[in-house]
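Residue 63 in my numbering sits at position 74 of the sequence shown; the count goes up by one each step and never skips. Every residue gets a Cβ at the ideal spot worked out from N, C-alpha and C, and that includes glycine. First the structure, in the form of structure tokens, and then the observations on it.
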Amino acid sequence: MGDACQSIISWPKGPDELVSYNLQSENDVNIKSRRRRDVEEHEESSNMIWEGETPMRPQALPLHAQYPNGKIKRKSRRRKNGCTIKPLTVNFKQIGWDHWIIAPAFYEAFQCSGKCFYPLASHLSPTKHAVIQNLVHSHFPEHTSRACCVPTKLGPISLLYLEAGIPTFKYDYDDMVVLSCGCR
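Here it is in structure tokens:
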């Protein structure tokens, strides 16, 4: 950071503790930062040496900046690429199912996509096994993978399909649409 900023750093005792520091710049903007460290940040920061600093200095995302007039500019803490539901349109002709599914020709199935970061957020409805797996991954990433972002609730669609050559209407063809995603 050089002469432009002075910082006060609090180093965590473990990988799940918050890292926080205050920055004071030459133009008197105070920036308060806090961030949970995860293994990716640890791996990335362990390969970097910052000018005048020790290796392993973590990066932090500002929560807010406070200007001399007292106004606060807030920034999002949401992680990018986290487990979430995304669009997925299924065309039955493209996957070769049009010989038995008459209608619909396509539908929105949705999909779960993203990473399950440690610690797992409660809205991702993680299982106890997923929590333990991510904890082990945080200590031994080379031996254990993260928990996976998967569907946790599925819904039905209505289909008109051929069964023994006879057109059949099924009102609730189960488990065809992702309704929610979580870490398992």
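What is the DSSP secondary structure of asparagine 80, reduced to helix, strand or coil?
Counted from its first residue, the sequence shown places residue 80 at position 91. It is a strand residue.
Excluding the five sequence neighbours on either side, which residues of its own chain have a C-beta within less than 7 Å of the C-beta of leucine 168, listed in chain order?
Residue 168 sits at position 179 when you count from the first residue of the sequence shown. So the qualifying residues of the chain are Lys142, Leu143, Gly144.
List the DSSP bridge partners of proline 145.
Here the question's residue 145 lines up with position 156 in the sequence shown. Answer by DSSP bridge pairing: none, since proline 145 is not bridged.
Check the C-beta distance from asparagine 80 over to alanine 94 and give it rounded, since I have them as a contact under 8 Å.
Within the sequence shown, numbered from 1, the residue matching residue 80 stands at position 91. Within the sequence shown, numbered from 1, the residue matching residue 94 stands at position 105. Indeed they touch by this definition, with Cβ atoms about 7 Å apart.
Going by other Cβ atoms of all chains shown within 10 Å of its Cβ, with 16 needed for buried, is lysine 82 buried or exposed?
As a working note, residue 82 is residue 93 in the sequence shown. Under this definition lysine 82 is an exposed residue.
Local conformation of tyrosine 162 per DSSP, three classes:
The residue given as residue 162 occupies position 173 in the sequence shown. Three-state DSSP puts tyrosine 162 in a strand.
DSSP bridge partner residues for glutamine 100 (one or two, in chain order)
Stepping through the sequence shown from its first residue, residue 100 is reached at position 111. Looking at the DSSP assignment, glutamine 100 forms a beta bridge with Lys75.
The beta strand (DSSP E) enclosing alanine 119, as first and last residue numbers:
Position 130 of the sequence shown holds residue 119. Segment 117 to 128 is the alpha helix (DSSP H) holding alanine 119; no beta strand (DSSP E) there.
Residues of its chain near tyrosine 96, where Cβ-Cβ distance is below 8 Å and the 5 sequence neighbours each way are ignored:
Here the question's residue 96 lines up with position 107 in the sequence shown. If we look at tyrosine 96 and ignore the five residues flanking it on each side, its Cβ neighbours are Thr78, Val79, Ile146, Met165, Val166.
To the nearest angstrom, how far is the alpha carbon of arginine 173 from that of tyrosine 162?
Taking the sequence shown and counting its residues from 1, the one referred to as residue 173 is at position 184. Taking the sequence shown and counting its residues from 1, the one referred to as residue 162 is at position 173. If I take the Cα positions, the gap works out to 24 Å.
Helix, strand or coil, according to DSSP, for leucine 109 in the structure here?
Walking along the sequence shown from the start, residue 109 turns up at place 120. Of the three classes helix, strand and coil, the one that applies to leucine 109 here is coil, per DSSP.
So is isoleucine 20 buried or exposed if we call it buried at 16+ other beta carbons inside 10 Å?
Your numbering for residue 20 matches position 31 in the sequence shown. In this prediction, isoleucine 20 scores a pLDDT of 44, lower than 50, which makes its location untrustworthy; no coordinate-derived value is stated.
Whose C-beta lies closer than 7 Å to the C-beta of serine 114 among residues of the same chain, with five residues either side of it excluded?
Here the question's residue 114 lines up with position 125 in the sequence shown. Closer than 7 Å at the Cβ level, and outside the excluded window around serine 114, lie Thr141, Gly171.
Own chain residues within Cβ distance below 6 Å of glutamate 40, not counting five before or after:
Residue numbering aside, residue 40 sits at position 51 when the sequence shown is read from its first letter. Any reading at glutamate 40 is ruled out, since the residue's pLDDT is 39, under 50, leaving its predicted position unreliable.
Does DSSP classify serine 169 as helix, strand or coil?
Looking up residue 169 in the sequence shown gives position 180. Three-state result, serine 169: strand.
Between the Cα of alanine 119 and those of Pro108, His128, Phe129, spot the shortest distance and give me the residue it belongs to.
Looking up residue 119 in the sequence shown gives position 130. Among Pro108, His128, Phe129, the Cα nearest to that of alanine 119 is on Pro108.
Measure the beta-carbon distance from cysteine 101 to isoleucine 84 and round it to whole angstroms, keeping in mind my assumption that it falls under 8 Å.
What you label residue 101 is simply residue 112 of the sequence shown in a count that begins at 1. What you label residue 84 is simply residue 95 of the sequence shown in a count that begins at 1. At roughly 19 Å, the Cβ-Cβ gap does not stay under 8 Å, so cysteine 101 and isoleucine 84 are not in contact.
If you drop the 5 nearest sequence neighbours on each side, which residues of the same chain put their C-beta closer than 8 Å to that of glycine 154?
Position 165 of the sequence shown, counted from the start, is the residue given in the question as residue 154. Answer for glycine 154: no residue qualifies.
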